[in-house]
Amino acid sequence: MGRTVVVLGGGISGLAAGYHLSRAPCAPKVVLVEGSERLGGWIRSVRGPGGAVFELGPRGIRPAGAPGARTLLLQVSELGLDSEVLPVRGDHPAAQNRFLYVGGALHALPSGLRGLFRPSPPFSKPLFWAGLRELTMPRGKDPDETVHSFAQRRLGPEVASLAMDSLCRGVFAGNSRELSVRSCFPSLFQAEQSHRSVLLGLLLGAGHSPRPDSALIRQARAERWSQWSLRGGLETLPQALNTYLTSRGVSVLRGQPVCGLGLLPGGRWKVSLGDGSLEADHVISAVPASVLSKLLPAQAAPLAHALSAITAVSVAVVNLQYRGARLPVQGFGHLVPSSEDPGVLGIVYDSVAFPEQDGSPPGLRVTVMLGGSWLQTLEARGGLLSQELFQQQAQQAAATQLGLKEPPSHCLVHLHKNCIPQYTLGHWQKLEAATQFLASQRLPLTLAGASYEGVAVNDCIESGRRAAARVLGSEPNS
Numbered sequence: 013m014g015r016t017v018v019v020l021g022g023g024i025s026g027l028a029a030g031y032h033l034s035r036a037p038c039a040p041k042v043v044l045v046e047g048s049e050r051l052g053g054w055i056r057s058v059r060g061p062g063g064a065v066f067e068l069g070p071r072g073i074r075p076a077g078a079p080g081a082r083t084l085l086l087q088v089s090e091l092g093l094d095s096e097v098l099p100v101r102g103d104h105p106a107a108q109n110r111f112l113y114v115g116g117a118l119h120a121l122p123s124g125l126r127g128l129f130r131p132s133p134p135f136s137k138p139l140f141w142a143g144l145r146e147l148t149m150p151r152g153k154d155p156d157e158t159v160h161s162f163a164q165r166r167l168g169p170e171v172a173s174l175a176m177d178s179l180c181r182g183v184f185a186g187n188s189r190e191l192s193v194r195s196c197f198p199s200l201f202q203a204e205q206s207h208r209s210v211l212l213g214l215l216l217g218a219g220h221s222p223r224p225d226s227a228l229i230r231q232a233r234a235e236r237w238s239q240w241s242l243r244g245g246l247e248t249l250p251q252a253l254n255t256y257l258t259s260r261g262v263s264v265l266r267g268q269p270v271c272g273l274g275l276l277p278g279g280r281w282k283v284s285l286g287d288g289s290l291e292a293d294h295v296i297s298a299v300p301a302s303v304l305s306k307l308l309p310a311q312a313a314p315l316a317h318a319l320s321a322i323t324a325v326s327v328a329v330v331n332l333q334y335r336g337a338r339l340p341v342q343g344f345g346h347l348v349p350s351s352e353d354p355g356v357l358g359i360v361y362d363s364v365a366f367p368e369q370d371g372s373p374p375g376l377r378v379t380v381m382l383g384g385s386w387l388q389t390l391e392a393r394g395g396l397l398s399q400e401l402f403q404q405q406a407q408q409a410a411a412t413q414l415g416l417k418e419p420p421s422h423c424l425v426h427l428h429k430n431c432i433p434q435y436t437l438g439h440w441q442k443l444e445a446a447t448q449f450l451a452s453q454r455l456p457l458t459l460a461g462a463s464y465e466g467v468a469v470n471d472c473i474e475s476g477r478r479a480a481a482r483v484l485g486s487e488p489n490s
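The sequence shown begins at 13 in our numbering and counts up by one.
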């Protein structure tokens, strides 16, 4: 009788793990268990008036690097979605223009080599000087460092407090003074460790791993895509994965929250559900680390302790659509440093990148991200996290920062509780403790998902692929 692998979590990480398990030459029996009634996790696309597409979670995927290429080949081309791809080419304003909102105004971030030598507000002098400083700085000696400390040491206080502060808020909805550079931006950390200079390290590169190849990958490379989406929204991807899994005989259980994990004699797992249980030879957990920590048996207390320390923050996403409105600038969007507005993380100009999703008649779509310390403080004080509050904050931000003063024709408000894991200082030690415990106890458990080594969609898909490869024996455990 063949092995049974149970995948916990039907987000994009769990779906990717199930996909790679089910397409193996000698595939095990795969059961995917999802606690809610829908698949896709934080990836969710909804249709609005006139067919407009609103993304409640991630809205674009980067094609760069080997993981980006694998997503295009394994999750797009092989699922028959090539014709649905909406690319943002390298010469497009959404690829070239990004902004910071500082001092009550939008400021374009420098692009290209010449931009580094020009005055570029809100920075007091050309960024060339920050680069020159970086080239002369010695290598850091600590095994980890906060993003703010790292950026301030290597690039100066302005870059740290404006650019890197905003970037951490845009990617992690987090605080650069708490987040780990080693875990959040491993390429920057490794560049300094390997070449003493971040700029030199990025310029020389870390070597290229073999990349998959396809017509779509070659097109993305030739046209220098910065990101891509799908015509019906990114949720098309998890929907296609679900269809594929079903066709391969994978049992997909929805609305089945896992109540606990128990170890049976012989090393198998008992997966307890609300109305029954499953037995598995191996479990891939693609649920958040803090959720898994509460499911583990007493024998795995050290693992539960390490995982419970990986926390997450909440983000309110407000989708706004305006009729007959125009943006003051064209670009991907803008970020807001915490010193400017602690509540507003940034605004994405959805209609610039993907006008095909504007609906008919077309309306200007933007998405306001709210969260960070403002939301945490509000929660800590017992404040009411109401849709009305988030809508008011978002419309005020759109009016103040983009001049969109008329009421929107359509608005969607969603609070995503604990949606983005926080890789705080020393995150790598938590991962090391978890990995060492799994290896020493030989537990048939593999970790996947955003809690560990990347929060982007590509990172999650890659973590699912690697988890499946480890279970199948084609990649060493790590």
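The beta-carbon is built from N, C-alpha and C at its ideal position, and this holds for glycine as well.
Values in this document were obtained by computation on a predicted structure and should not be read as measured data.
query: Which value, in whole angstroms, describes the spacing of the CA atoms of residue 112 and residue 138?
result: Locating residue 112 in the sequence shown gives position 100, where the first residue counts as 1. Locating residue 138 in the sequence shown gives position 126, where the first residue counts as 1. Rounded to whole angstroms, residue 112 to residue 138 spans 16 angstroms at the Cα level.
Candidates 348, 381, 40, of which the one nearest residue 176 by Cα: Here residue 176 corresponds to residue number 164 of the sequence shown, with the count starting at 1. Scanning 348, 381, 40 for the CA closest to the CA of residue 176 turns up 348.
task: Would you check if there are 3 or more beta carbon pairs closer than 8 angstroms linking the segment 86-105 to the segment 48-67?
output: No: fewer than three Cβ pairs fall under 8 angstroms.
Spatial distance of residue 363 from residue 332 (CA atoms): Position 351 of the sequence shown, counted from the start, is the residue given in the question as residue 363. Position 320 of the sequence shown, counted from the start, is the residue given in the question as residue 332. Cα atoms of residue 363 and residue 332: separation of roughly 11 angstroms, rounded to the nearest angstrom.
- prompt: Shorter than 9 angstroms from the beta carbon of residue 338 to some beta carbon of chain B?
  reply: The chain labelled as chain B is not found in the depicted structure, where only one protein chain is given.
- request: Check residue 405 in the structure and name its three-state DSSP category.
  value: In the sequence shown, the residue the question calls residue 405 occupies position 393. In this structure, residue 405 counts as helix in the three-state DSSP scheme.
query: Using the beta-carbon count (16 or more within 10 Å), is residue 250 buried or exposed?
result: As a working mapping, residue 250 is identified with position 238 in the sequence shown. Burial call: buried.
field: Nearest to residue 382 (by Cα), restricted to the options 184, 17, 26, 80
entry: Numbered from 1 along the sequence shown, position 370 holds the residue referred to as residue 382. Nearest of 184, 17, 26, 80 to residue 382, Cα basis: 184.
query: At which residues does the beta strand (DSSP E) containing residue 294 begin and terminate?
result: Stepping through the sequence shown from its first residue, residue 294 is reached at position 282. From DSSP, the beta strand (DSSP E) with residue 294 extends over 294-297.
field: Residues bridged to residue 67 (per DSSP)
entry: In the sequence shown, residue 67 corresponds to position 55, counting from 1. According to DSSP, which records beta bridges pairwise, residue 67 is partnered with 57.
- prompt: Exposed or buried, what is residue 411 when buried is set at 16 or more other beta-carbons lying within 10 Å of its beta-carbon?
  reply: The residue given as residue 411 occupies position 399 in the sequence shown. With fewer than 16 other Cβ atoms inside 10 Å of its own Cβ, residue 411 counts as exposed.
query: So what does residue 291 bridge to, in DSSP terms?
result: Here residue 291 is taken as the residue at index 279 of the sequence shown, counted from 1. Paired residues: 282.
task: Within the segment 407-481, note down every full alpha helix (DSSP H) run reaching 4 residues or more, in order along the chain.
output: Look at the segment 407-481 and you find these whole runs of alpha helix (DSSP H), each 4 residues long or longer: 439-453.
message: Which residue wins for smallest C-alpha separation from residue 143, given the options 37, 213, 325?
response: Position 131 of the sequence shown holds residue 143. Looking at the Cα atoms, 213 is the closest of the given residues.
message: Check whether the segment 70-84 and the segment 268-285 touch, using three or more Cβ-Cβ pairs below 8 angstroms as the test.
response: Fewer than three beta-carbon pairs drawn from the segment 70-84 and the segment 268-285 are found closer than 8 angstroms, and the two stretches are therefore not classed as touching.
field: Segments assigned alpha helix (DSSP H), at least 4 residues, entirely inside the segment 118-159
entry: Given a length threshold of 4 residues, each whole run of the alpha helix (DSSP H) inside the segment 118-159 is given here in chain order: 124-127, 140-148.
- prompt: For the alpha helix (DSSP H) that contains residue 78, what are its first and last residues?
  reply: On the sequence shown, residue 78 is found 66 positions in, with the first residue counted as 1. In this chain, the alpha helix (DSSP H) harbouring residue 78 covers 77-82.
query: Would the C-beta of residue 25 count as close to the ligand FAD, meaning under 8 angstroms from any of its heavy atoms?
result: Inclusion of the ligand FAD in the displayed structure is not the case, the ligand content being empty and no account of it being possible.
query: Nearest-angstrom Cα distance between residue 192 and residue 372?
result: Here the question's residue 192 lines up with position 180 in the sequence shown. Here the question's residue 372 lines up with position 360 in the sequence shown. C-alpha separation (whole angstroms): 44 angstroms.
message: Quick test of your reading: residue 433 and residue 322, contact by CB under 8 angstroms. State the CB separation rounded to the nearest angstrom.
response: Here residue 433 is taken as the residue at index 421 of the sequence shown, counted from 1. Here residue 322 is taken as the residue at index 310 of the sequence shown, counted from 1. The Cβ separation is near 6 angstroms, so the contact holds.
query: So which of 400, 171, 262, 54 has the shortest CA-CA distance to residue 515?
result: Residue 515 is absent from the model: the chain starts at 13 and stops at 490.
task: Would you kindly work out how many angstroms separate the C-alpha atoms of residue 484 and residue 208, rounded to a whole number?
output: Here residue 484 refers to the residue found at position 472 when the sequence shown is read from its first residue. Here residue 208 refers to the residue found at position 196 when the sequence shown is read from its first residue. If I take the Cα positions, the gap works out to 38 angstroms.
task: Within its chain, find whatever has a CB closer than 7 angstroms to the CB of residue 470; leave out the 5 residues flanking it on each side and keep chain order.
output: Mapped onto the sequence shown, residue 470 falls at position 458. The answer, listed in chain order, is 73, 74, 79, 80, 83.
message: Which same chain residues end up closer than 8 angstroms to residue 58 when comparing Cβ atoms and leaving out the 5 residues on each side of it in sequence?
response: In the sequence shown, the residue the question calls residue 58 occupies position 46. The beta carbon of residue 58 is closer than 8 angstroms to those of 65, 66, 68, 245, 424 in its chain, skipping five residues each way along the sequence.
message: Starting from residue 113, trace the beta strand (DSSP E) in both directions and tell me its first and last residue.
response: Residue 113 sits at position 101 when you count from the first residue of the sequence shown. Per DSSP, residue 113 belongs to the beta strand (DSSP E) from 110-114.
query: Over what stretch of residues does the alpha helix (DSSP H) that includes residue 254 continue unbroken?
result: Here residue 254 is taken as the residue at index 242 of the sequence shown, counted from 1. Per DSSP, residue 254 is one residue of the alpha helix (DSSP H) stretching across 248-259.
Outcome for residue 216 when other beta-carbon atoms lying within 10 angstroms are tallied against a minimum of 16: Counted from its first residue, the sequence shown places residue 216 at position 204. Around the beta carbon of residue 216, a 10 Å sphere encloses fewer than 16 other beta carbons of the protein chains shown; the residue is thus reported as exposed.
message: Quick check on the DSSP output: the alpha helix (DSSP H) that includes residue 334 runs from which residue to which?
response: On the sequence shown, residue 334 is found 322 positions in, with the first residue counted as 1. Unbroken run through residue 334 is the beta strand (DSSP E), 324-334; no alpha helix (DSSP H).
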